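Working notes, structure below.
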Amino acid sequence: MQIFGVDIGGSGIKGAPVDLDKGDLAEERYKVLTPHPATPDAVADGVKEVVGHFGWTGPVGITFPGVVTGGSTIRTAANVDKAWIDTDARALLGDRLGGLPVTVLNDADAAGVAEMQFGAGKGRKGTVFLLTFGTGIGSALFMDGTLVPNTELGHLELNGHDAEKHASTKAKEDHDLSWEHWAHRVQKYLAHVEMLFSPELFIIGGGVSRKAQKFLPLIEGIKAEIVPAQLQNNAGIVGAAMRAAQTD
7 MQIFGVDIGG SGIKGAPVDL DKGDLAEERY KVLTPHPATP DAVADGVKEV
57 VGHFGWTGPV GITFPGVVTG GSTIRTAANV DKAWIDTDAR ALLGDRLGGL
107 PVTVLNDADA AGVAEMQFGA GKGRKGTVFL LTFGTGIGSA LFMDGTLVPN
157 TELGHLELNG HDAEKHASTK AKEDHDLSWE HWAHRVQKYL AHVEMLFSPE
207 LFIIGGGVSR KAQKFLPLIE GIKAEIVPAQ LQNNAGIVGA AMRAAQTD
């Protein structure tokens, strides 16, 4: 069974048909740059281009980098235009896609459900966090395999600021940090999350997960197991398609 997944990020909008039996992309993903400003209409045009590239005519699952309530209403928009707040994303995106059935969920939650079903979290019980490091920091919390949605723990306060301003991949790039220096920042963030939730497992996702060997061995003093996401930066696309299949 194939369903289309789209992952809206702060820097790119990417998507592909997903083979839900394998938990992997059925075709090579297509990506466009996230427009700036990332207004609802501009982003919707980007999503339309990605879906149209494949000539897709079925259900579409779409992630959003912020809190999504009721599968539709956007409540926060940290790394896209604030005009998204209170937007009915399902209606907007469905209309832009010519009436295709659309499902919308938080981007980290989508990556998390994919990793728990097909990746590093498969079969894991207890408290598990999937953390995506990119333009910001996304979080997905699971208790015995059940998602607690919209945690958005990239906005925990760390050193007087949102943690993602200090420890995201964008922060590494903006401040030209070495892997060692950045790993120390990630370690401080993980220690803070661990103090609050005492998880058994951290799964590190986002594009930087494919370079896990450069920084994960440098992180010390965390009691929880720390592993890279197995689906890497495709997890959001897979998770979005999974949610669309459940909704269809």
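In my numbering, the protein residues as written are 7 to 254.
Each residue gets a CB set at the ideal place from its N, CA and C atoms; glycine is no exception.
If you're wondering where the values come from, they're calculated on a predicted model, not measured in any experiment.
When only Cα atoms are considered, G245 and L202 end up about 26 Å apart.
Annotated as proximal: P46 and W90, with beta-carbon spacing under 8 Å. When C-beta atoms of the region 52-62 are compared with those of the region 32-44, three or more pairs fall below 8 Å, so the two segments count as touching.
Taking the CA atoms as reference points, L147 sits about 15 Å from V233.
Cβ contact annotation for N112 (same chain, cutoff 6 Å, sequence separation greater than five): V74 and N156, in chain order.
Boundaries around Q123 are those of the alpha helix (DSSP H), D113 to F124, since no beta strand (DSSP E) includes it.
In this structure, the straight-line span from the alpha carbon of R130 to that of E231 is close to 12 Å. The region 117-126 and the region 207-222 touch, with no fewer than 3 CB-CB distances between them shorter than 8 Å. Here the alpha carbons of L136 and E226 stand approximately 18 Å from one another. Annotation: M248 to I9 spans about 8 Å, alpha carbon to alpha carbon. Following the DSSP letters along the chain, one finds A22 inside the beta strand (DSSP E) bounded by residues G18 to D25.
Beyond the five residues adjoining it in sequence on each side, T253 comes within less than 6 Å, by CB distance, of T109 in the same chain, given in chain order. Only exposed fits M7, as fewer than 16 other CB atoms lie within 10 angstroms of its CB. Within a 10 Å sphere around the beta-carbon of T138 sit 16 or more other beta-carbons, which makes this residue buried. The three-state reading of DSSP puts I243 in helix, counting H, G and I together. Between S174 and G140, the gap from beta carbon to beta carbon is short of 8 Å. By alpha-carbon distance to G142, the top candidate from V154, L26 and L159 is L159.
Only residues of its own chain outside the window of five on either side were considered, and among them I228, K229 and A230 have a CB closer than 7 Å to the CB of E200, listed in chain order. DSSP links H167 through a beta bridge to L164. Note on S215: 16 or more other CB atoms within 10 angstroms of its CB, so buried under the neighbour-count rule.
In this structure, the CA atom of W185 is about 6 Å from the CA atom of F221. Residue state for G52 is assigned as helix, using DSSP reduced to three classes. Taking C-beta atoms under 8 Å as the contact rule, A84 and H161 qualify, at a distance of about 7 Å. Cα atoms of G21 and S204: separation of roughly 34 Å, rounded to the nearest angstrom.
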